[in-house]
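Protein chains in written order, with the UniProt record's numbering: chain A, 1 to 267; chain B, 1 to 267. Glycine included, every Cβ here is placed at the ideal spot set by N, Cα and C. Values in this document were obtained by computation on a predicted structure and should not be read as measured data. Scroll down for the structure; my scribbles are underneath it.
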DNA sequence: CGCAGTTTTGATGGACCTCAAAGACCGTGG
DNA sequence: CCACGGTCTTTGAGGTCCATCAAAACTGCG
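This is the structure in structure tokens:
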């Protein structure tokens with residue numbers, strides 16, 4: 001609604017291109033030590049010698065925004081960690097109704113040791129870089145390396161909690177509360193990406209279209225649009241262009257989610 | 001609507017009492033070998049010597065129907081497996097709206113190695129027997145016994161998939177489809193409990209009240225009641241009394257869930 | 001029998017969906 | 001530079017599914 005800065009956007013694209021090239025260079029050095037997700041990914045607890053082994057079998061893959069990574073039911077030849085970018089995990093019914101069941105951010109793990117077929121669709125929302133391991137070698141390594149299994153269990157338990165918290169959002173919250181919940185989560189995640197706590201006046205890029213938001217929230221895109229406008233009108237959020245969200249008062253946003261003030265920490 | 005058999009119900013109670021006493025006797029012999037959930041629980045992959053160690057630190061606890069097992073936020077002193085009975089995992093908002101996020105059946109695991117506070121409320125729906133381990137000794141044992149961690153990872157990944165499939169139910173299905181989905185799941189689980197595939201004409205006990213069903217499905221109890229009646233009127237299900245459900249045609253039920261015919265195997 | 005809890009049934013309203021069209025944004029090509 | 005089409009978003013009007021409120025029927029139990 002108030003977006004008239006094509007130059008700004010063009011600059012953004014340039015930086016992301018530079019970033020992309022730098023990533024290519026950085027990542028392909030195979031140096032796990034300088035990996036940006038090193039401390040949070042499935043390999044977080046590995047010893048130096050274990051990292052070396054992983055180094056030997058890992059490879060990077062990139063996907064452009066909008067491309068599918070894997071379809072539900074497909075055989076999975078690899079497991080992977082998200083290094084940069086965002087992907088969605090979703091499920092579609094025959095008649096086209098779709099429900100997003102997860103948002104995959106840097107350090108999140110994709111795949112299921114011990115399972116052959118993918119249970120859900122994975123699609124790249126932004127340009128995406130994955131750190132991949134062929135499934136069999138990874139499974140073999142898991143057998144011998146408890147630190148991987150332990151870390152994966154930890155991550156899976158966390159994701160299970162997140163999924164269950166999201167069930168409350170889907171089952172019981174109003175459209176307005178759903179939007180507020182999603183924004184609150186994105187705000188928290190964005191803040192944690194830059195390693196500082198969320199604060200009043202913070203802003204972040206909204207990586208999802210209205211339709212994706214609707215698929216995540218179990219709503220229609222029209223309802224999403226209306227409720228975003230409503231939150232803006234109430235002053236709970238501000239928009240810069242259509243994709244950047246400003247949170248003038250974090251408490252006010254959290255209040256709109258319907259959660260306790262101490263906040264369910266849906267990561 | 002067609003329930004006039006108090007005698008039948010009284011008999012049921014008697015058998016369950018007998019069963020209870022027998023369980024007490026059986027379980028307290030501490031013999032993991034004869035444990036009914038031995039092959040599916042977290043200990044499924046343990047070697048005889050590992051089982052002996054678990055034997056040494058395990059203890060049983062029972063809860064009557066309706067009793068809480070643990071509240072969200074409480075410190076967890078123990079982890080456990082459901083041996084018999086059913087419990088629910090749920091979440092409640094300040095204003096009272098509640099959402100069930102899991103149904104805990106025999107062999108399911110309760111607790112989070114590495115976490116102190118319980119993330120959700122656990123309540124016994126029927127009389128419930130748990131096989132418990134104090135958390136610290138269990139965690140110590142997990143360190144030394146990879147077969148436990150591996151099995152727990154497997155179970156957690158399965159639960160994560162189930163939770164995500166349930167998100168589709170909550171977010172995108174109609175009330176009628178939700179009811180059908182719940183009944184289909186209960187039918188499958190009941191069949192697997194007796195180790196035979198679900199079949200036409202099968203029947204099972206409905207362990208949940210209309211309100212619990214509503215909390216599971218993100219509906220009101222009135223809507224649940226209406227849709228159950230509607231399914232009955234369409235001949236998709238039959239009722240014996242208010243709690244026993246007969247499935248004359250399994251395909252017909254699955255068709256009502258909106259899922260593919262090959263069926264999302266929500267376990 | 002009478003009471004408390006559960007379930008059913010009915011009437012009404014509202015939150016959200018559906019259908020439709022216009023507006024904003026962006027890249028492309030004249 | 002502007003026209004053009006494609007995609008995403010907003011806005012509007014109308015309809016429907018389900019929630020809400022209310023009361024009656026049923027069940028088990030003292």
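Here the C-alpha atom of residue 43 of chain B lies approximately 28 Å from the C-alpha atom of residue 78 of chain A. DSSP places residue 135 of chain B in the uninterrupted alpha helix (DSSP H) bounded by 135-144. Closer than 8 Å to the CB of residue 166 of chain A there is at least one CB belonging to chain B. The beta-carbon of residue 159 of chain A is placed less than 8 Å from the nearest beta-carbon of chain B.
A direct Cα-to-Cα measurement between residue 106 of chain A and residue 193 of chain B gives close to 40 Å. Fewer than three pairs of CB atoms, one per stretch, sit closer than 8 Å, so the region 139-147 of chain B makes no contact with the region 173-187 of chain B. One alpha carbon belongs to residue 95 of chain A, the other to residue 96 of chain B, and they sit about 34 Å apart. It is roughly 39 Å from the alpha-carbon of residue 56 of chain B to the alpha-carbon of residue 168 of chain A. Residues 90, 92 and 215 of the same chain have their beta carbon placed closer than 6 Å to that of residue 98 of chain A, with the five preceding and five following residues left out of the count. The three-state reading of DSSP puts residue 68 of chain B in strand, counting E and B together. Taking a C-beta cut-off of 7 Å against chain A, the contacting residues of the region 109-127 of chain B are 112, 114, 119 and 120, listed in chain order. Using a CB distance cut-off of 8 Å, residue 254 of chain A does not count as an interface residue toward chain B. In the structure shown, residue 205 of chain A adopts extended strand secondary structure according to DSSP, grouped into three states. Against chain B, the beta carbon of residue 91 of chain A has neighbours under 9 Å at 164, 165, 167, 168, 172 and 264, listed in chain order. Residue contact check for residue 82 of chain B against chain A: no CB pair falls below 8 Å. Annotation for residue 76 of chain B: 70, 111, 112, 115, 116, 117, 118 and 135 place their beta carbon closer than 8 Å to its own, counting only its chain and skipping 5 residues before and after. By DSSP's assignment, residue 102 of chain A forms a beta bridge with A:89.
The criterion of a C-beta distance shorter than 8 Å is not satisfied by residue 87 of chain A and residue 41 of chain A. Under the three-state reduction of DSSP, residue 251 of chain B is assigned to helix. Residues of chain B whose Cβ lies closer than 7 Å to the Cβ of residue 224 of chain A do not exist; the shortest such Cβ separation is about 13 Å. Just measuring C-alpha positions, the residue of A:226, A:53 and A:122 sitting nearest residue 133 of chain A is A:53. Remark: C-beta atoms of residue 231 of chain B and residue 163 of chain B do not approach each other more closely than 8 Å. Close CB contacts of residue 130 of chain A within its chain, under the 8 Å cut and outside five residues either way in sequence, are with 60, 61, 62, 63, 69, 80, 81, 82, 83 and 110 (chain order). Proximity of residue 104 of chain A to chain B, defined by a Cβ-Cβ separation below 8 Å, is not satisfied.
Annotation for residue 47 of chain B: no beta strand (DSSP E) segment contains it, and DSSP assigns it neither H nor E.
For the pair residue 157 of chain B and residue 156 of chain A, the CB atoms are nearer than the 8 Å cut-off. Identification of chain A residues near residue 146 of chain B by a Cβ-Cβ cut-off of 9 Å yields 143, 146 and 149, ordered along the chain.
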